[in-house]
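Below is one structure, written out as structure tokens; the observations come after it.
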Amino acid sequence: MRYDQTVYLITETANDSDDLNFEGETEAIRTKANVKRTNLTLANGEMYDATIVRVFGEWSADKIGLADYDQQTGKGARKIQKVGRHFNRTDFYIVNSEVIFNAK
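Residue 22 in the numbering used here sits at position 24 of the sequence shown; the count goes up by one each step and never skips.
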């Protein structure tokens, strides 16, 4: 498996101080990953267009930034729907949209 694309693993931490500023801090780690786009089918027949980001090693993140991610503004960060942990690999699943067949 080739880890040839650059992604950002984004972690958000809450502000624990007692002041009125509730804005947390964001940390983005740049790493190489294998990014694939595929269709996921659930047991009930629903199908989703998803992006799977595979990273070597054990990682944790709240959001993922792909090629269109801007570190200065935080735009382009995608929410992670599921995390799969395997031996020496972490998979992050991002659902882009639901695939609808024969819509009426």
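A virtual CB, placed ideally from N, CA and C, is assigned to each residue, including glycine. Everything numeric in this text was worked out from a predicted model, so none of it was measured.
CA-to-CA distance, residue j to residue i, given in whole angstroms
i: isoleucine 8; j: glycine 74; result: 11 Å
i: alanine 12; j: threonine 24; result: 9 Å
i: aspartate 68; j: glycine 43; result: 36 Å
i: isoleucine 62; j: isoleucine 78; result: 7 Å
i: methionine 45; j: arginine 0; result: 26 Å
i: glutamine 70; j: glutamate 56; result: 26 Å
i: glycine 72; j: leucine 40; result: 31 Å
Pick from the options that is closest to residue i, judged by C-alpha positions
i: threonine 88; options: Asp2, Ala65 and Ala31; result: Ala31
i: isoleucine 50; options: Arg28, Lys80, Gln70 and Val97; result: Lys80
i: aspartate 2; options: Phe54, Gln70, Lys77 and Ile78; result: Phe54
i: arginine 76; options: Gly82, Asn86, His84 and Leu64; result: Leu64
i: valine 33; options: Glu96, Val97 and Tyr91; result: Tyr91
Paired residues, beta bridge with residue i - DSSP
i: arginine 52; result: Asn32 and Asp89
i: serine 95; result: Asp47
i: alanine 26; result: Ile8
Sub-8 Å separation of residue i and residue j beta-carbons
i: leucine 38; j: alanine 48; result: yes
i: tyrosine 6; j: arginine 35; result: no
i: leucine 10; j: aspartate 60; result: Per the sequence shown, the amino acid found at residue 10 is glutamate instead of leucine. Closer than 8 Å, so yes.
Unbroken beta strand (DSSP E) run spanning residue i, endpoints
i: arginine 76; result: 75 to 77
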